[in-house]
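Peer 1: So that we are looking at the same thing, I have put the structure below in C-alpha cells.
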Amino acid sequence: MSETIKKKISGKIEIDREACKGCGYCIEACPKGVIILDTQFNSLGFYPAVNAHAEKCTGCAICAHVCPDIAIEVWKDE
Numbered sequence: 138m139s140e141t142i143k144k145k146i147s148g149k150i151e152i153d154r155e156a157c158k159g160c161g162y163c164i165e166a167c168p169k170g171v172i173i174l175d176t177q178f179n180s181l182g183f184y185p186a187v188n189a190h191a192e193k194c195t196g197c198a199i200c201a202h203v204c205p206d207i208a209i210e211v212w213k214d215e
C-alpha cells in the first residue's frame with residue numbers, strides 16, 4: 138500500500154514599507170490572508186502593508202504582481 142506524502146508549500150514575502158502607499162491591492166489579492174495594513178505610518182504618511190501571517194504564505198506571488206509600487210518581493214520554498 139502506497140502512502141501519499143503531502144509537502145507543505147511555503148514561501149516568504151518582504152514588503153518595503155517605505156515604498157508602499159497602502160493601496161490594499163495585495164490584501165485583496167492574497168488567497169491566504171497573509172497581509173494586513175500596519176497601524177503605524179511610514180515616513181510618507183501612509184499605512185503600509187505588512188506580512189502579518191507569514192506562516193500561511195505559499196509564495197504564490199499574486200501580491201507582488203498586483204502591487205503598483207513594486208514594493209513586494211516573494212521567495213518560494215521548494
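According to the working numbering, the sequence shown holds residues 138 to 215 in order.
Glycine residues also receive a C-beta, built at the ideal position from the N, C-alpha and C atoms.
Could you say which of 194, 179, 196, 175 lies nearest to residue 187 if we only look at CA atoms?
Peer 2: Taking only the C-alpha atoms, the option nearest residue 187 is 175.
Peer 1: How far does the beta strand (DSSP E) with residue 155 in it reach, from first residue to last?
Peer 2: From DSSP, residue 155 is part of no beta strand (DSSP E); its letter is neither H nor E.
Peer 1: Give every residue of the same chain whose Cβ lies closer than 6 Å to the Cβ of residue 198, excluding the five residues on either side of it in the sequence, and list them in chain order.
Peer 2: Cβ neighbours of residue 198 beyond the five flanking positions: 211.
Peer 1: Can you give me the C-alpha to C-alpha distance between residue 191 and residue 173, rounded to a whole angstrom?
Peer 2: Rounded to whole angstroms, residue 191 to residue 173 spans 11 Å at the Cα level.
Peer 1: Taking the beta carbon of residue 182 as the centre, do at least 16 other beta carbons fall within 10 Å, making it buried, or is it exposed?
Peer 2: By the 10 Å Cβ count, residue 182 comes out exposed.
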